[in-house]
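Colleague: Provided herewith is a single structure, encoded as structure tokens, for subsequent inquiry.
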């Protein structure tokens, strides 16, 4: 290690940093940046607050461990504060007086991750946390931490990573477990050690596979086979879940294994004694108690699984949309908007060594029986190189956009049934597009295909047939059942709904268009990149593939409104800087570019620290922006890019008017609310 992971410059002892966790995080991020370990404090703060928005990082016993991976971090670092008074980090037993900001580089190596996880594992030991409280000097505290993460050669590590699980003696009762959190830095390993230590105290060994940032050692097959039950303590999907098929299961978020390890172990043992208890199903799709309530059930509830599946579909679909839509926009920039009509003719009849001309395109189109109208021909560029390049760019984007509905349906099915659902889901999406079901049909087809694939994967089959299940039986059976159900029962209704929706959108004008703009604006600013925001964005991008004026107006309203929150916070920090902390003011500077680029998440650091004074004003500004865009008939052919795709906008002046009006109103409202709050506190 060229630099130690913690130094006295990164420590604050018995400090009154503030009353909110965002102030503590900002202080520690400032210490890390001041030593050159991070390129910018604001970048580290933004990453840490984005992680805080996912789930609280407070732990029982007065501990807070905000943590993140960040592009702003140059060297893996620990910032530490011993607080007086305590600050709430969301732990069930109250505030934290020991706070570590664990900052990892975005591409941190395995060595760095091992050091960070050694610290995390030590925090479950009461004697270690007490020694931190008893330390008299910064030097003493740094030595305590370094003894854990990099112990001297003559001193064994206090919290070394657990060795690879060994095969258990025949007949021994033991549990296996998977722990995993989104960043894979802290909670993953703390949960693992909490389970193993508690299991040892109870006389029930727990063998854990940590699916975190450090190298993962999979549980051996014989250890899994002979286990009494399995515990899934994860906030993300379990890798290789099918290995545990048939085992009694307890599933929860990763923090429950830290807070209630004994209770989880007791529940796992109870499920093992109950022949009707939850089990891990074959095929990786869930457990037999998917709809069981309570935290001790075998899996999350049906509603949560449905939402997760839909978000999985949207997340995997967005790259097709973003890349394809921007490629189409570049095609329009190079070849003009008429390139959409001429692209096929150009690519089928010309080549890089035989560049097209306007006359040649006209002749080729007439020969193919699909003549282009005079207006389309006149709008094409005269340069043969630009014609061919524009056609190639547009067609690449057009083909990528063609995967929108199949990818949406395919990965919804994947979110439900794991890998066996992908192929049937893609086909169901293609079927929805073929029958006119569009975006709505893709959602329904993905759900139908996923649940049919899941049920087929859960069938008990002879061992000789099991190998054929994922590659033949599940795809064939799913397409036969789900495909025929869709064709015979769902195709006509979904096509009617899609057609009716399209006709309604196409006929929108005046008040109805403005109302839709208000709704879309509110959705885009409600959760800043969360499920509601993604629902509005997906609705817009799915319609963009149709190329109608109404769909392009919706896309314009969605993008313009989504730019409001970060720009509003940038404005508020500029006009009333004294209402914000120094890190927030730095974040405000970065938010100008983030907002201009249509990155709504640029407002997350502000919303996480003060949601009631940030989110409602942004929603007001977003609603106004959406209404102006829809009312003025602003159009947009690109699904991303912010102001930098101005060439793909129609009525570009009103786009900027709507944007400026919206973020100015939102920024002023934020400033007013924060100003009044400050006066109340002062009084």
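In the working numbering, the protein residues as written are 824 to 1506. Where a beta carbon is used, it is the ideal one built from N, C-alpha and C, also for glycine. Everything numeric in this text was worked out from a predicted model, so none of it was measured.
Can you find the residues in the same chain that come closer than 6 Å, C-beta to C-beta, to residue 1300, ignoring five residues on each side of it along the sequence?
Modeller: Cβ neighbours of residue 1300 beyond the five flanking positions: 1279.
Colleague: CA-CA distance, residue 1421 and residue 1439?
Modeller: Residue 1421 and residue 1439: Cα-Cα distance of roughly 19 Å.
Colleague: Name the one or two DSSP bridge partners that residue 928 has.
Modeller: DSSP lists 893 as partners of residue 928.
Colleague: Among the residues of its own chain, which have a CB less than 6 Å from the CB of residue 984, if the five just before and after it don't count?
Modeller: With a pLDDT of 43 at residue 984, under the threshold of 50, the modelled position of this residue cannot be trusted, and the question is left open.
Colleague: By DSSP, does residue 1285 sit in helix, in strand, or in coil?
Modeller: Residue state, collapsed to three classes: coil.
Colleague: What's the C-alpha gap between residue 1210 and residue 890?
Modeller: Rounded to the nearest angstrom, the two C-alpha atoms are 50 Å apart.
Colleague: What are the partner residues of residue 1000, as DSSP defines its beta bridges?
Modeller: Partner(s): 1031 and 1054.
Colleague: Can you list, in chain order, the residues of its chain whose CB lies under 6 Å from that of residue 871, leaving out five sequence neighbours each side?
Modeller: Excluding sequence neighbours, residue 871 sits near 848, 889 and 891.
Colleague: With DSSP run on the structure shown, which of helix, strand or coil describes residue 1099?
Modeller: It is coil, neither helix nor strand.
Colleague: Let me check one thing: in DSSP terms, what residues is residue 1071 bridge-paired to?
Modeller: Partner(s): 1102.
Colleague: Who are residue 919's beta bridge partners in DSSP?
Modeller: 910.
Colleague: Alpha carbon to alpha carbon, how far is residue 1205 from residue 1191?
Modeller: Those two C-alpha atoms are separated by around 22 Å.
Colleague: Do residue 1460 and residue 1152 count as a contact pair if the criterion is CB distance below 9 Å?
Modeller: A contact, by the Cβ cut-off of 9 Å.
Colleague: According to DSSP, simplified to helix, strand and coil, what is residue 834?
Modeller: Residue 834 falls in the strand class under three-state DSSP.
Colleague: In its own chain, which residues sit with a C-beta less than 8 Å from the C-beta of residue 1216, not counting the 5 before and 5 after it?
Modeller: Same-chain partners within the cutoff: 1150, 1151, 1153, 1154, 1157 and 1158.
Colleague: For residue 1274 and residue 1350, what's the separation of their Cα atoms in angstroms?
Modeller: When rounded, the distance between both Cα atoms is 29 Å.
Colleague: Which term fits residue 982, buried or exposed, when burial requires 16 or more other beta carbons within 10 angstroms of its beta carbon?
Modeller: Bear in mind that a pLDDT of 43 at residue 982, under 50, signals an unreliable position, so the model cannot answer this.
Colleague: Over the uninterrupted alpha helix (DSSP H) stretch that includes residue 1252, give me the two end residues.
Modeller: Per DSSP, residue 1252 belongs to the alpha helix (DSSP H) from 1245-1257.
Colleague: Report the three-state DSSP secondary structure of residue 1461 (helix, strand or coil).
Modeller: Looking at residue 1461 - three-state DSSP - the assignment turns out to be coil, as it is neither helix nor strand.
Colleague: With 16 as the cutoff for other CB atoms within 10 Å, does residue 1425 come out buried or exposed?
Modeller: Buried is the call here.
Colleague: If you check the beta carbons only, do residue 833 and residue 901 fall under 9 Å apart?
Modeller: Yes, the Cβ-Cβ distance between residue 833 and residue 901 is below 9 Å.
Colleague: Is it right to say residue 1208 is buried, meaning 16 or more other beta carbons lie within 10 angstroms of its own, or is it exposed?
Modeller: By the 10 Å Cβ count, residue 1208 comes out exposed.
Colleague: Can you tell me whether DSSP reads residue 1202 as helix, strand or coil?
Modeller: Reduced to three states, the DSSP call for residue 1202 is coil.
Colleague: Under 8 Å by Cβ, that's how I've got residue 1414 and residue 1389 pegged, so tell me the actual separation to the nearest angstrom.
Modeller: That pair is a contact at about 4 Å.
Colleague: If you pair each beta-carbon of the stretch 1222-1234 with each one of the stretch 1133-1148, do three or more pairs fall below 8 Å?
Modeller: Flag = yes, the stretch 1222-1234 and the stretch 1133-1148 touch.
Colleague: Return the first residue and the last residue of the alpha helix (DSSP H) that residue 1213 is part of.
Modeller: Run containing residue 1213: 1207-1224, per the alpha helix (DSSP H) assignment.
Colleague: In the DSSP assignment, the alpha helix (DSSP H) including residue 1078 goes from what residue to what residue?
Modeller: 1077-1082 is the span of the alpha helix (DSSP H), which, as asked, contains residue 1078.
Colleague: Using the three-state DSSP reduction, which class does residue 1386 fall into: helix, strand or coil?
Modeller: In the structure shown, residue 1386 sits in coil (DSSP, three-state: anything other than H, G, I, E or B).
Colleague: If I measure Cβ to Cβ from residue 1093 and keep anything under 8 Å in the same chain, skipping five residues before and after, which residues do I get?
Modeller: Within the same chain, residue 1093 has close Cβ partners 1100.
Colleague: In the structure shown, what three-state DSSP assignment does residue 900 receive?
Modeller: Note: residue 900 maps to strand in three-state DSSP.
Colleague: For residue 1091, which residues in the same chain have their Cβ closer than 8 Å to its Cβ, ignoring the five residues on either side in sequence?
Modeller: Contacts found: 998, 1051, 1052, 1053, 1054, 1071, 1072 and 1073.
Colleague: Check the DSSP bridge columns for residue 1174 and list the partner residues they point to.
Modeller: Answer is 1177, bridged to residue 1174.
Colleague: Could you say which of 1418, 1398 and 1489 lies nearest to residue 1435 if we only look at CA atoms?
Modeller: Nearest option by C-alpha distance: 1489.
Colleague: Flag residue 1210 as yes if its beta-carbon sits less than 9 Å from any beta-carbon of chain C, otherwise no.
Modeller: Reference to chain C is not applicable here, since this structure consists of a single protein chain.
Colleague: Could you check where the alpha helix (DSSP H) with residue 1274 kicks off and where it finishes?
Modeller: Here the alpha helix (DSSP H) through residue 1274 covers 1261-1280.
Colleague: Does the structure place the stretch 1380-1387 close enough to the stretch 1446-1464 that three or more beta carbon pairs sit under 8 Å?
Modeller: The answer is yes - the stretch 1380-1387 touches the stretch 1446-1464, with three or more Cβ pairs under 8 Å.
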